[in-house]
Each structure stands twice: as structure tokens, then as C-alpha cells.
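A.B. asks: In my numbering, the protein residues as written are 13 to 469.
Built from N, CA and C at the ideal position, the CB exists for glycine as well.
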Amino acid sequence: MWLVFCFLSSMSDTRATAVLLAVLCAGSATASDWPQFRGPAASGVDASAPTPIHWNIDKGENIRWQTPIPGLAHSSPIIWGNVVYLITAVAPGNQDVKVGLYGDIASADDQDSHQWRVLALAKDTGKILWDTLGCEGIPRGKRHPKSTHCNATPATDGKRIVAIFGSEGLFCFDNAGKLLWKKDLGPMKSGYYVVPSAQWGFSSSPVIHDGKVVVLCDVLGDSFLAEFDLADGHQLWRTARHDVPTWGTPAVAMAGDRTEILVNGWHHTGAYDFADGKEIWKLEDGGDIPVPTPIVASGLAYFTSGHGAQRPMRAVRLDDRDLTVTQTGATKPVVAWQQDRKGNYMQTPIVVGDFLYGCVDNGIVSCFEAKSGAVRYSERLGNGSEGFTASPVSDGQNLYLTSEVGNVYVIPANGSFSVVATNTLNETCLSTAAVSDGTLFYRTRHQLLAIGDTHSK
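1) Can you tell me whether Pro89 is buried or exposed, with buried defined as 16 or more other CB within 10 angstroms of its CB?
2) Assess, as a yes-or-no matter, whether the stretch 163–170 is touched by the stretch 214–224 under the definition of 3 or more beta carbon pairs within less than 8 Å.
3) Excluding the 5 residues preceding and the 5 following Thr401 in the sequence, name in chain order all residues of the same chain whose CB lies nearer than 6 Å to its CB.
4) DSSP on Thr466, reduced to helix/strand/coil?
5) Would you say the stretch 74–84 touches the stretch 334–349, given that touching needs at least three Cβ pairs under 8 Å?
6) Go ahead and pull the three-state DSSP assignment for Asp241.
7) Can you find the residues in the same chain that come closer than 6 Å, C-beta to C-beta, to Thr343, ignoring five residues on each side of it along the sequence?
8) Ser378 lies in the beta strand (DSSP E); which residues open and close that run?
9) To which residues does DSSP link Asn419 through a beta bridge?
10) Classify Asp116 as buried or exposed, calling it buried when 16 or more other Cβ atoms lie within 10 Å of its own Cβ.
11) Over the uninterrupted beta strand (DSSP E) stretch that includes Arg388, give me the two end residues.
12) Considering only their Cβ atoms, is the gap separating Asp297 from His319 smaller than 9 Å?
13) Is Arg470 near His221, with beta carbons less than 9 Å apart?
14) Would you tell me roughly how many angstroms separate the C-alpha atoms of Trp92 and Ser44, rounded to the nearest one?
15) Would you report the Cα separation of Asp108 and Asn438, rounded to the nearest angstrom?
16) Touch check for the stretch 44–55 and the stretch 384–395: three-plus C-beta pairs under 8 Å?
17) Measuring alpha carbon to alpha carbon, tell me which of Val231, Pro208 and Gly189 ends up nearest Gly198.
18) Closer than 8 Å is the cut-off here; do at least three beta carbon pairs connect the stretch 174–181 with the stretch 257–267?
19) Classify Leu312 as buried or exposed, calling it buried when 16 or more other Cβ atoms lie within 10 Å of its own Cβ.
20) Is it the case that the Cβ atoms of Cys147 and Gln127 are separated by a distance below 9 Å?
21) Under 7 Å Cβ to Cβ from Trp193, same chain only, skipping five residues before and after it: list those, please.
22) What number of angstroms, rounded off, separates the C-alpha of Ser60 from the C-alpha of Gly153?
23) In chain order, what are the residue ranges of uninterrupted beta strand (DSSP E) at least 3 long that sit wholly in the stretch 219–284?
24) Helix or strand or just coil, what does DSSP make of Ser21?
Below is the structure:
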């Protein structure tokens with residue numbers, strides 16, 4: 013540690029603070045860390061402390077800090093120790109998104125040069141500790157009017173931060189903002205398979221596990237699942253996939269003694285061996301525009317997609333003893349339960365206690381018994397005019413569901429429906445919040461907000 017302080021003495025105050033925080037925070041994850049999309053294992057839950065039910069931005073009630081963030085992005089914040097990491101795409105002019113419930117499939121027209129940047133902020137104050145340029149250029153792909161050129165959430169192990177900047181590639185930085193390595197993944201053309209010219213933007217986020225980086229790239233041609241060494245970026249394996257474009261993040265789960273990678277899909281929802289990328293099982297017949305990320309609870313993996321005829325919400329058993337072989341030789345898991353036409357389109361569902369919750373893009377939230385799939389309720393949030401893109405999060409007591417116009421609906425996580433409170437973020441919000449130590453971190457159109465109990469601080 014003495015050598016660290018000697019090194020810090022030669023740096024600027026801001027940069028030195030960032031490095032010191034990174035050194036002190038590096039190491040094993042703690043309960044309050046939120047290291048990837050939707051936090052640990054994409055669960056969306058941090059029950060370490062209660063989060064506020066009410067807040068008021070205009071009056072400063074339960075607002076710990078607000079920090080302006082440049083650029084346009086739906087990437088979520090991640091947290092390790094006392095540092096919040098965020099990525100963004102900055103371009104000249106007035107970039108914006110078109111929120112709401114509509115069916116426009118055309119791509120947005122903003123092919124100006126962009127800067128993809130990585131920022132580190134102090135978790136307790138919101139001060140920007142460092143701001144690093146990752147890459148710069150004209151985007152190699154296009155985006156939907158509701159999307160951005162920076163949708164994928166980064167991931168960290170406390171020492172390194174990895175980020176996918178769409179077609180610009182996979183980038184790895186140290187916790188002081190230095191670029192360590194980068195990989196060209198090819199053109200990530202993500203759009204409607206029926207109309208290939210309609211590109212919508214890439215959004216599958218990287219996942220870090222056991223010193224490896226897992227990426228899912230389901231695009232219009234040459235789709236694949238791959239694993240890279242976190243230390244130097246060399247590719248460990250790459251498995252071709254044959255499906256329509258998907259936007260979900262892969263999930264790492266234990267199935268007995270084996271570590272598996274779970275992925276969502278239409279023709280190929282499935283599991284792959286973490287060690288070598290070999291396929292373990294597959295399912296078909298989900299929705300044809302798969303967006304939500306698989307989640308795991310109590311030995312079950314939950315998959316959903318809300319576009320197309322079937323639109324299932326389903327749970328599969330992760331025990332290898334439950335794998336079956338069909339007449340065609342395909343290996344399938346046992347489906348514990350399935351509810352057709354109850355799936356989510358944009359949002360990843362969430363399990364809290366004995367219940368699974370999902371919300372569709374028009375604000376209808378459904379509660380299922382997590383083990384049996386029985387529907388406890390299906391109720392609408394708001395008046396039906398708001399779109400819902402961001403995934404729900406929870407402190408273990410309540411659920412926070414955010415509409416695109418920035419209304420946050422708080423409902424109890426006890427299997428009974430009621431709206432405990434409705435708060436506003438004062439801006440549009442399509443990014444999923446992070447939760448840590450009783451604080452909600454919301455990335456809105458122009459800023460990052462920390463919402464926590466200010467009376468106890």
C-alpha cells in the first residue's frame with residue numbers, strides 16, 4: 013500500500029482519488045456490489061437495506077445527488093465498492109429518443125461521428141472521478157428511434173471494466189480508466205429479421221465470471237456465443253448460433269456441478285457449457301423478438317419473450333437428471349411450467365421471495381407463483397398510455413417499475429397488488445436502475461441520480 017501512495021503523489025487530485033478508490037474497492041464482490049446488467053446474476057435485487065418509497069426531485073427529498081451525463085445511452089450504471097461506472101455515446105447536435113407505444117420499425121438517422129466514453133463516479137457524492145474516451149468514429153450500425161448507440165451495460169470484477177460498444181467492439185479498461193485491450197466482434201447488425209434494413213441497435217451486455225468474459229452476439233448473420241480471457245482478451249472459444257437477432261444478456265448459472273451459460277432466443281433458447289461452449293440443451297417456440305435476460309432462482313431458470321403468437325413465460329429445471337432426448341436427437345430440459353401469452357417484450361422479469369413478476373411494454377404487470385407458475389394477478393400500471401422498457405428492480409420489500417416518461421411505480425413484493433407510491437424522475441428513462449446499500453441509481457436522459465434516505469445521512 014505504501015507503493016500505491018507514492019504512485020498517487022505524482023498524480024492529479026481527481027485521478028489519484030479515482031485510483032485510490034479503485035485499489036481499496038478491488039477484490040471479492042460484496043452484497044452491495046452491482047457488477048453487471050441487473051446486478052448479481054441479473055437478479056435485480058439488493059436486499060441489504062430498504063430503499064425510499066417516496067422522493068421529490070424538485071424539493072430534493074431523498075435525492076442524494078444528481079450528476080449531468082453527456083451523450084445518449086440506455087446502458088445501465090454498475091457499481092463496485094464506492095465507484096459507479098457508466099458508459100455513453102456522445103455526438104454533436106441534439107440526439108434524442110422517441111418514447112411511447114408505437115410500431116415504427118425504421119432506423120434513426122444519426123450517423124455523425126460518436127465518442128464512446130467510460131465514466132467513473134464517486135458513489136457517495138456523484139463526483140466524476142475520471143472520463144475516458146474508448147473509441148471514436150461513425151457508428152458501423154444504425155439504431156431504432158427508441159434505441160441508442162450505447163445500449164449494452166458494462167460489467168466489472170472490481171479490477172477491470174468490460175463494455176460492448178455495439179459494432180465498434182468489445183473493450184476492457186482497468187479501474188483507473190486505462191484501455192487494456194479491445195476486440196473487433198464484427199458488424200453487430202441487430203434488427204427485424206423480416207426487414208433486414210431496419211436496424212435497431214445492439215444491446216446484449218457482457219458478463220464476467222471466473223476471470224472470463226461471456227458475450228452473446230445474435231445478429232443478422234454470423235451469430236455466435238463466445239468467451240474471452242478477462243486478463244488479455246484472447247478468445248477461449250466461439251460457438252455459432254442460428255437464430256434471429258436477440259437483445260438479451262447471457263446468464264451464468266450452476267446446474268449440479270456444471271457451470272452453464274443460459275441464453276434467450278426464438279428458435280434457440282438454450283444452455284451451453286461454460287468450459288467449452290458446447291451446447292447442452294435447447295428449446296424452441298419463444299417470441300420472435302427475444303429481449304429479456306434469463307434469470308435463475310431455486311433451481312429454476314426463467315425465460316420469456318413477449319413478441320409473436322405464443323409469447324411464453326416459462327420455467328425450466330436446471331438439474332441434469334431432468335434432461336430428455338427427443339426422437340430427432342435434440343436434448344431438452346424439463347419445462348416446470350409455462351404460461352402462454354404472458355411473456356414480457358422488453359423487460360427482464362424478477363423473482364422476489366416466492367413470486368415471479370413480469371411487466372409488458374404497455375404496463376400490465378403480472379405476478380406468478382415462482383415454483384408453480386400460477387397467476388396471482390395481472391394489473392395495469394398507469395393509464396395505458398405509457399411505454400415500459402426498463403426492467404424492474406427491488407430492495408426485497410418493494411418493486412420499482414419505471415415507465416419511459418420517467419414515472420416510477422412502487423408495488424409491494426408480497427404477491428398482492430397495490431401501488432404504494434408513484435414518483436417521477438422528471439425525464440425520460442429507458443435504462444434499468446442499479447440498487448446498492450439502500451440507494452437507487454437512475455440513469456435518465458441527461459443525468460445520473462442517486463435516490464436514498466437523506467434523513468439518515
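C.D. replies: Result, derived from the coordinates:
1) Counting from one through the sequence shown, the residue named residue 89 turns up at place 77. Pro89 is buried by the Cβ-count criterion.
2) yes
3) Start at 1 with the first residue of the sequence shown, and residue 401 comes out as number 389. Result list for Thr401: Met358, Glu416 and Leu442, in chain order.
4) Taking the first residue of the sequence shown as 1, we reach residue 466 at position 454. Helix.
5) no
6) Position 229 of the sequence shown, counted from the first residue, corresponds to residue 241. If DSSP states are grouped into helix, strand and coil, Asp241 belongs with the strands.
7) Indexing the sequence shown from 1 puts residue 343 at position 331. Only Trp293, Leu335 and Val337 meet the Cβ criterion.
8) Locating residue 378 in the sequence shown gives position 366, counting from the first residue. Run containing Ser378: Ile376 to Glu381, per the beta strand (DSSP E) assignment.
9) Taking the first residue of the sequence shown as position 1, residue 419 is located at position 407. Answer is Thr436, bridged to Asn419.
10) Position 104 of the sequence shown, counted from the start, is the residue given in the question as residue 116. Asp116 comes out exposed.
11) Within the sequence shown, numbered from 1, the residue matching residue 388 stands at position 376. Note, Arg388: beta strand (DSSP E), Val387 to Arg392.
12) Taking the sequence shown and counting its residues from 1, the one referred to as residue 319 is at position 307. Taking the sequence shown and counting its residues from 1, the one referred to as residue 297 is at position 285. Cβ atoms of His319 and Asp297: not closer than 9 Å.
13) Nothing about residue 470 can be reported from this structure: the residues present for the chain run from 13 to 469 only.
14) As a first step, residue 92 must be located in the sequence shown, where it is residue number 80. As a first step, residue 44 must be located in the sequence shown, where it is residue number 32. Answer to the nearest angstrom: the Cα atoms are 8 Å apart.
15) The count along the sequence shown starts at 1 and reaches residue 108 at position 96. The count along the sequence shown starts at 1 and reaches residue 438 at position 426. Roughly 16 Å between the two C-alpha positions.
16) no
17) By one-based count along the sequence shown, residue 198 stands at place 186. Per the Cα distances, Val231.
18) no
19) Translated into positions along the sequence shown, residue 312 becomes position 300. With 16 or more Cβ atoms within 10 Å of its Cβ, Leu312 is classed as buried.
20) Taking the sequence shown and counting its residues from 1, the one referred to as residue 147 is at position 135. Taking the sequence shown and counting its residues from 1, the one referred to as residue 127 is at position 115. Yes.
21) Along the sequence shown, one-based indexing puts residue 193 at 181. Result list for Trp193: Cys184, Asp244 and Gly245, in chain order.
22) Against the sequence shown, residue 60 aligns to sequence position 48. Against the sequence shown, residue 153 aligns to sequence position 141. For Ser60 and Gly153, the distance between alpha carbons rounds to 40 Å.
23) 219–221, 224–229, 236–241, 247–252, 263–267 and 270–275
24) Reading the sequence shown from its first residue, position 9 is the one you call residue 21. At Ser21, the pLDDT of 45 sits below 50, so the modelled position is not reliable; the number obtained from the coordinates is stated separately. Coil, per DSSP.
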